[in-house]
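Numbering follows the numbering used here, in which position 105 of the sequence shown is assigned residue number 152; successive positions increment by one, without gaps. Where a beta carbon is used, it is the ideal one built from N, C-alpha and C, also for glycine. Treat the numbers as computed from the prediction; the structure is a model and nothing was measured. See structure below.
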Amino acid sequence: MTTNDLTVPTTTRISTRALLTGGIVAGPLYVAVWLGQAFTREGFDITRHPASLLANGGPGWIQTLNFVVSGLLSIGAAVGLRRTLTGRGSTWGPRLLVAYGVGLLLAAIFKADPASGFPAGTPADYAEISSRGVGHFVAGGIGFSGLIAACLVLAVHFRSVGRRALSRFSAITGVLFFGAFAGLSAGAGSRPTIIAFDLAVTLAWIWLTVICTDERRGHH
Numbered sequence: 048m049t050t051n052d053l054t055v056p057t058t059t060r061i062s063t064r065a066l067l068t069g070g071i072v073a074g075p076l077y078v079a080v081w082l083g084q085a086f087t088r089e090g091f092d093i094t095r096h097p098a099s100l101l102a103n104g105g106p107g108w109i110q111t112l113n114f115v116v117s118g119l120l121s122i123g124a125a126v127g128l129r130r131t132l133t134g135r136g137s138t139w140g141p142r143l144l145v146a147y148g149v150g151l152l153l154a155a156i157f158k159a160d161p162a163s164g165f166p167a168g169t170p171a172d173y174a175e176i177s178s179r180g181v182g183h184f185v186a187g188g189i190g191f192s193g194l195i196a197a198c199l200v201l202a203v204h205f206r207s208v209g210r211r212a213l214s215r216f217s218a219i220t221g222v223l224f225f226g227a228f229a230g231l232s233a234g235a236g237s238r239p240t241i242i243a244f245d246l247a248v249t250l251a252w253i254w255l256t257v258i259c260t261d262e263r264r265g266h267h
């Protein structure tokens, strides 16, 4: 065995672990930045305003950067998972997770329109949709559809390899996120649908952290 034979696998292993570590921290980082703004930005009500509205106003760059960083970390996590997963769903699960990351990046480019009194000074009944706002809806459709599908595909994968707890967690996350997203789309921003969606987003990030932690632990 030559020196190169030893070097290549070691380099790959470190790189994969780094990508999975990025997936582990993506969720806690996103949620921390989101909640930090939610409870400090003037006029923001976490029960009335989705996180995407935080990209508006003077400090809006913080949430925009949050979308970019979390999107890149999610894409990196997908690459790491593609390297470690084997069997049914090991290809399409990570690919669909990439779509989620791309959706986050697009959300940074196409900001949500001001709405429901935020940012401060926006009329409470303001609900105009610009071309940029349409782009944000498209970004959400791409990202959230990818996330839901990734959860369900990986649920099948984990079941096929006998990891039933991860399979159930993945399936539950996908189903609950689908319900929350559908409710948000149909509920026109009502408080119950905003709260349910916030909880679903948090659950989805926990899910990504859990599966990346599990794969990183098993990747030697």
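Along the chain, where does the alpha helix (DSSP H) containing residue i start, and where does it finish?
{"i": "N113", "result": "107-131"}
{"i": "P141", "result": "139-156"}
Among the options, which has the Cα closest to the Cα of residue i?
{"i": "L120", "options": "F225, L213, A73", "result": "A73"}
{"i": "G265", "options": "G83, L101, R130", "result": "R130"}
{"i": "L223", "options": "S192, I242, A247", "result": "A247"}
{"i": "T220", "options": "A233, S232, G234, S192", "result": "S192"}
{"i": "A218", "options": "G190, A159, I195", "result": "I195"}
{"i": "A174", "options": "L100, D245, R211", "result": "L100"}
{"i": "F114", "options": "R95, L152, F86", "result": "L152"}
{"i": "A146", "options": "S62, G188, C259", "result": "G188"}
{"i": "G148", "options": "D245, R211, V116", "result": "V116"}
{"i": "R179", "options": "A102, R135, D245, W252", "result": "A102"}
{"i": "R95", "options": "D245, W252, C259", "result": "D245"}
Please report the distance separating the alpha-carbon of residue i from that of residue j.
{"i": "S137", "j": "V203", "result": "10 Å"}
{"i": "A243", "j": "A227", "result": "6 Å"}
{"i": "R88", "j": "G209", "result": "46 Å"}
{"i": "G83", "j": "G118", "result": "19 Å"}
{"i": "S177", "j": "T133", "result": "44 Å"}
{"i": "R206", "j": "P75", "result": "26 Å"}
{"i": "S237", "j": "L128", "result": "36 Å"}
{"i": "V78", "j": "H183", "result": "20 Å"}
{"i": "F216", "j": "W254", "result": "7 Å"}
{"i": "V257", "j": "W81", "result": "20 Å"}
{"i": "L231", "j": "L213", "result": "26 Å"}
{"i": "G70", "j": "L112", "result": "17 Å"}
{"i": "L250", "j": "T169", "result": "30 Å"}
{"i": "V55", "j": "S62", "result": "Annotation note: pLDDT 40 at V55 (below 50); position unreliable, no value reported."}
{"i": "D261", "j": "R211", "result": "13 Å"}
{"i": "R142", "j": "P161", "result": "32 Å"}
{"i": "R263", "j": "L67", "result": "6 Å"}
{"i": "F86", "j": "W252", "result": "20 Å"}
{"i": "C259", "j": "A229", "result": "27 Å"}
{"i": "R135", "j": "F225", "result": "22 Å"}
Return yes when the Cβ of residue j is within less than 9 Å of the Cβ of residue i, no when it is not.
{"i": "A171", "j": "S163", "result": "yes"}
{"i": "I93", "j": "I241", "result": "yes"}
{"i": "F157", "j": "A125", "result": "no"}
{"i": "L30", "j": "A197", "result": "What the structure shows of the chain is the stretch from 48 to 267, and residue 30 is not part of that stretch, so it cannot be assessed."}
{"i": "G107", "j": "A167", "result": "no"}
{"i": "V181", "j": "G140", "result": "no"}
{"i": "P17", "j": "A159", "result": "There is simply no residue 17 to check, as the chain begins at 48 and stops at 267 in what is shown."}
{"i": "F165", "j": "G234", "result": "no"}
{"i": "G150", "j": "G123", "result": "no"}
_Extract the residue ranges of the alpha helix (DSSP H) inside the segment 201-253, only unbroken runs of 4 or more that lie entirely within it._
211-234
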